[in-house]
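Engineer:
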Amino acid sequence: EQASKIKAIFESGTHVMWTVNRNMEYTSFNQNFSDAVQEISGKAPLINEKVSQPEATPPNDQLGKLWLEKYNAAFAGKAIEFVSDRVNRNGETVYRQIYLHPIYHEDKIVEVSGMGIDITDKINSEEKIVNQAAKLGAIFEGSSHYIWTTDKSSRLTSFNKNFVDLIKKTYG
Numbered sequence: 126e127q128a129s130k131i132k133a134i135f136e137s138g139t140h141v142m143w144t145v146n147r148n149m150e151y152t153s154f155n156q157n158f159s160d161a162v163q164e165i166s167g168k169a170p171l172i173n174e175k176v177s178q179p180e181a182t183p184p185n186d187q188l189g190k191l192w193l194e195k196y197n198a199a200f201a202g203k204a205i206e207f208v209s210d211r212v213n214r215n216g217e218t219v220y221r222q223i224y225l226h227p228i229y230h231e232d233k234i235v236e237v238s239g240m241g242i243d244i245t246d247k248i249n250s251e252e253k254i255v256n257q258a259a260k261l262g263a264i265f266e267g268s269s270h271y272i273w274t275t276d277k278s279s280r281l282t283s284f285n286k287n288f289v290d291l292i293k294k295t296y297g
């Protein structure tokens, strides 16, 4: 019964979850992790497969070094959090918030657990907001009109260069 509960937790939701031993081999993972690896590399991971095998991860030395550094820090006892971005086979960038935590057995770190949360929509939305703000700023500053904003108390909160020029021209 306890094993069923753990499996239900492990397989529920949208998080990718996995564990790695000191030999940098996968020791467990959920279906979401398997699907994510397959989406990126074209091949599902296997238990006891080395994390660094080309079939398991895209061939990229910098990416491999980054992950190795993160795993080593977790094996040193640190909880690690970072954002990873990968391009899937459709050419789309997928962003995940990654959490790595040491797994202890009798006061020794024996494995590292990993969990990833897809934050692609959040990142894309933030990028759209930044782009929209830049466009609005360009319109605001590039307009030949006098543009200003005020708060509820009628205090100026922002204005464009033309408005500044008008004030200088009018009031010196």
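Residues in the sequence shown are numbered consecutively from 126, following the working numbering. Backbone N, C-alpha and C define an ideal beta-carbon position, used for all residues, glycine too.
Return the CA-CA distance between S129 and F154, expressed in angstroms with no decimal places.
Structural biologist: F154 has its alpha-carbon roughly 15 Å from the corresponding atom of S129.
Engineer: Going straight from the alpha carbon of S159 to that of N256, what length do you get?
Structural biologist: 34 Å
Engineer: Under 7 Å: does the beta carbon of Y229 sit that close to some heavy atom of the ligand GTP?
Structural biologist: Although the ligand GTP was asked about, the structure shown includes no ligands whatsoever.
Engineer: Quick check: the region 238-247 against the region 208-225, are there 3 or more CB pairs under 8 Å?
Structural biologist: yes
Engineer: Whose CA, out of A204, E164, D232, lies closest to the CA of G216?
Structural biologist: E164
Engineer: Among H270, F200, L191, K203, which has the Cα closest to the Cα of R211?
Structural biologist: Minimum Cα-Cα distance from R211 among the listed residues H270, F200, L191, K203 corresponds to L191.
Engineer: Below 6 Å CB to CB, which residues in the same chain sit around T182 once its five sequence neighbours on both sides are set aside?
Structural biologist: For T182, the predicted structure reports a pLDDT of 47, less than 50, and the residue's modelled location is therefore unreliable. The matter cannot be settled from this model.
Engineer: By a C-beta neighbour count over all protein chains shown, 10 Å radius and 16 as the cutoff for buried, is D290 buried or exposed?
Structural biologist: exposed
Engineer: Along the alpha helix (DSSP H) that carries N99, what are the first and last residues, could you check?
Structural biologist: Since the displayed the chain opens at 126 and closes at 297, residue 99 lies outside it and no answer follows.
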